[in-house]
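Worksheet for the structure shown next.
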Amino acid sequence: MSNVQKLNAETAQALKVLSGLDFSGAETRALGGGCINRVLEVRAHDRHYCLKLNEAGALPMFDAEVDGLAALAGNAAFRVPQVLACGATADEAFLLLEYIELHPLSNAEDGRRFAEALVKLHLDIGEDFGWSHDNFIGASPQANTPHHTWAQFFVRCRLAPQVERARLAGHGAALGPALEQLLERVPAIFLDYCPRPSLLHGDLWNGNAAMDAAGRPVIFDPAVYRGDRDADLAMSELFGGFPTAFYATYRAALPPAEGYALRKTLYNLYHVLNHLNLFGRAYLGQTERMVRSLASELLR
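Mapping to UniProt numbering: the sequence shown position 173 is 173, numbers consecutive.
Laid out in structure tokens, this is it:
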């Protein structure tokens, strides 16, 4: 392996206790895409593993990921990394996962297979919007208090907490009163639209989606809850998108209801606000543009 580094001895010992695997002296290599956690490929005993590391206080985030992966695995639509160990030492939290050789969705067949799996996931319908407990979207807390109505859930548990975080971070003046007014007008979008509480990945951009070596769709890094399936579709379009065949296959099975374009902007505002709150002013301009676009439709 290139860029070889050794595991912290205390972490290696904790992993041995929890998983039965001896990682003392194991070789590791940094994997890309870890803007919140350190992500390592670990090689030991002629096998490869994926290890996520963060400060010890991040253990609740890893616990929530374990719960989300279990929910997705239970649906069986996608291949999901198997959890091998999760815990913390005094210095760092860790999550040990099955290592999967990942390949990007690169052609029409990949898009078709991924869409078929997502349809199966979204046809897993629950009773309420939300989840049994709160979790995380990236490193941000994500409230999941169950609600009977989607509009109330989305305002109270998605938009409002992010708007408040943005205000406390000093972005309120830049975003203006339109953002607060927007929260009041959101229910109007759903007067004639009543989605069902589908099982969602919750953070479905193309960096959290792949194919394995056998061509089976894989998802990971979830922020699971039950909500409008269009929220996953909207997120899939936010940062780069998926193959055209993905959208054609998905929409052939689950056609969009009228008003999707407006809902897409609204749902993605949640994610862009979260990026603004996590990573700073680089996302302020995009947030302002989305607020103006929504305001032009809703605040007439």
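We put the CB at the ideal spot given by N, CA and C, even for glycine.
In the DSSP assignment, the alpha helix (DSSP H) including E101 goes from what residue to what residue? It is not in any alpha helix (DSSP H) - E101 carries neither H nor E in the DSSP assignment.
What are the boundary residues of the beta strand (DSSP E) that includes E27? E27 to A30
Start and end residues, alpha helix (DSSP H) containing H147: Premise fails: H147 is in no alpha helix (DSSP H) and is neither H nor E.
Which residues share a DSSP beta bridge with L53? R38 and F94
Alpha-carbon spacing of A71 relative to L199, whole angstroms: 9 Å
Between A9, L191 and C35, which has its C-alpha nearest F23's C-alpha? A9
When the Cβ atoms of the stretch 30-42 are set against those of the stretch 120-133, are three or more pairs found closer than 8 Å? no
Going by Cα to Cα distance, which pick from H48, V291, G68 and Q13 is closest to Q181? V291
Just to confirm my understanding: we take L84, look at its own chain, exclude 5 residues before and 5 after, and list those with CB closer than 6 Å. What are they? S19 and L96
May I have the straight-line CA-CA distance separating L168 from A282, to the nearest angstrom? 17 Å
Considering only C-alpha positions, which residue in the set G207, L254 and G130 is nearest to S236? G207
Under three-state DSSP, which class holds Q181? helix
For P60, does the three-state DSSP call read helix, strand or coil? helix
Suppose you measure from the CA of A166 to the CA of F78; what does that come to, to the nearest Å? 34 Å
CA-to-CA distance, N144 to A223, given in whole angstroms: 10 Å
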